[in-house]
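Colleague: Under mature numbering (1 follows the signal peptide of the UniProt record, and there is no 0), residues -29 to -1, 1 to 132 are what the sequence shown spells out, in order.
One structure coming up, written as structure tokens, with questions to follow.
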Amino acid sequence: MRFKPVVTALVAMTVMAAGIVSFSGPAQAEPFEFHMQNVKTSECLDSNSSGDVYTRPCQFGNMYQTWYKVNIKGDQLRNKATGRCLDNAENEFKVYTNPCDENGNNRYQKWNQWSKNDLRKYTSFATTRALVSNGPNNATMRNHSYEWFDSAEQWRTVNFG
């Protein structure tokens, strides 16, 4: 008989906890935003509303240098300022942005990310070419080396806000 108050309290706490859990909706994490800083140039991937992609000195708070991943049948890299997706084409080595394919069917807007320690390589799902920067104000695509020694193909994800 003396266990009845303890059992009642445990049941009440369980019901209250269940009520709290049932009222809270599913967690919706904000997309992780980052800058993509090239190892060779130390510049960040940048873009504009016209779809041009290039590198510039990294700037804290520059939304045109801020990117985030969206997984729609593969990873898209979206620019925060423009909402456009990093894109490339089969017959050229240029990288640019276009309006994002919200259905995830444009394979040229899908990117593989290869990681080694704090370094990243981004390769096009469609062409297997690597995103590179060979100098200031430069971003392009090229056949990637499958090795980690080429700093033009290496990027760091830096959270500048």
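Cβ coordinates follow ideal geometry from the N, Cα and C atoms, glycine included.
This structure is a prediction, so every number in the text was calculated from the model and none was measured.
Which same chain residues end up closer than 7 Å to residue 79 when comparing Cβ atoms and leaving out the 5 residues on each side of it in sequence?
Modeller: Here residue 79 is taken as the residue at index 108 of the sequence shown, counted from 1. Answer for residue 79: 58, 59, 60, 95, 97, listed in chain order.
Colleague: For residue 18, report the span of its beta strand (DSSP E) as first-last.
Modeller: Stepping through the sequence shown from its first residue, residue 18 is reached at position 47. Counting along the chain, the beta strand (DSSP E) containing residue 18 begins and ends at 14 to 18.
Colleague: Just reading off the beta strand (DSSP E) that residue 9 is part of, what are its end residues?
Modeller: Residue numbering aside, residue 9 sits at position 38 when the sequence shown is read from its first letter. From DSSP, the beta strand (DSSP E) with residue 9 extends over 4 to 9.
Colleague: Got a sec, what are the start and stop residues for the beta strand (DSSP E) residue 121 sits in?
Modeller: Numbered from its first residue, the sequence shown carries residue 121 at position 150. Looking at the DSSP string, residue 121 is not in any beta strand (DSSP E), and its letter there is neither H nor E.
Colleague: From what residue to what residue does the beta strand (DSSP E) around residue 78 run?
Modeller: Taking the first residue of the sequence shown as position 1, residue 78 is located at position 107. Where residue 78 is concerned, there is no enclosing beta strand (DSSP E), given that its DSSP letter is neither H nor E.
Colleague: Does DSSP put residue 98 in a helix, a strand or coil?
Modeller: Counting from one through the sequence shown, the residue named residue 98 turns up at place 127. Of the three classes helix, strand and coil, the one that applies to residue 98 here is coil, per DSSP.
Colleague: Considering only residues of the same chain and omitting the five flanking positions on each side of residue 105, which have a CB-CB separation below 6 Å?
Modeller: The residue labelled residue 105 in the question sits at position 134 within the sequence shown. Result list for residue 105: 123, in chain order.
Colleague: What is the rounded straight-line gap between the Cα of residue 28 and the Cα of residue 9?
Modeller: Counting from 1 along the sequence shown, the entry for residue 28 is found at position 57. Counting from 1 along the sequence shown, the entry for residue 9 is found at position 38. Cα to Cα, residue 28 sits roughly 10 Å from residue 9.
Colleague: Compute the distance between the beta-carbons of residue 133 and residue 46, then report whether it is under 9 Å.
Modeller: No answer is possible for residue 133: it lies beyond the span of the chain, which begins at -29 and ends at 132.
Colleague: For the beta strand (DSSP E) holding residue 112, just list the boundary residues, first then last.
Modeller: One-based indexing of the sequence shown puts residue 112 at position 141. 111 to 114 is the span of the beta strand (DSSP E), which, as asked, contains residue 112.
Colleague: Do residue 39 and residue 3 have their CB atoms nearer than 9 Å?
Modeller: For the purposes of this step, residue 39 is taken as the residue at position 68 of the sequence shown. For the purposes of this step, residue 3 is taken as the residue at position 32 of the sequence shown. A contact, by the Cβ cut-off of 9 Å.
Colleague: Considering only their Cβ atoms, is the gap separating residue 129 from residue 34 smaller than 9 Å?
Modeller: Position 63 of the sequence shown, counted from the start, is the residue given in the question as residue 34. Position 158 of the sequence shown, counted from the start, is the residue given in the question as residue 129. No, these two residues do not count as a Cβ contact at 9 Å.
Colleague: Does the Cβ-Cβ distance between residue 22 and residue 93 come in under 9 Å?
Modeller: Walking along the sequence shown from the start, residue 22 turns up at place 51. Walking along the sequence shown from the start, residue 93 turns up at place 122. For residue 22 and residue 93, no; Cβs fall outside 9 Å.
Colleague: Can you list, in chain order, the residues of its chain with a C-beta nearer than 6 Å to that of residue 117? Leave out the 5 residues immediately preceding and following it.
Modeller: Mapped onto the sequence shown, residue 117 falls at position 146. Excluding residues within five positions, none has a Cβ falling inside 6 Å.
Colleague: Roughly how many whole angstroms lie between the Cα atoms of residue 75 and residue 108?
Modeller: Residue numbering aside, residue 75 sits at position 104 when the sequence shown is read from its first letter. Residue numbering aside, residue 108 sits at position 137 when the sequence shown is read from its first letter. Taking the straight line joining both Cα atoms gives about 29 Å.
Colleague: Compare the beta carbon distance of residue 71 and residue 24 with 9 Å and say whether it is the shorter of the two.
Modeller: Position 100 of the sequence shown, counted from the start, is the residue given in the question as residue 71. Position 53 of the sequence shown, counted from the start, is the residue given in the question as residue 24. Taking 9 Å as the Cβ cut-off, residue 71 and residue 24 do not qualify as a contacting pair.
Colleague: Do the CB positions of residue 125 and residue 44 come within less than 9 Å of each other?
Modeller: Residue 125 sits at position 154 when you count from the first residue of the sequence shown. Residue 44 sits at position 73 when you count from the first residue of the sequence shown. Not in contact: residue 125 and residue 44 (Cβ atoms no closer than 9 Å).
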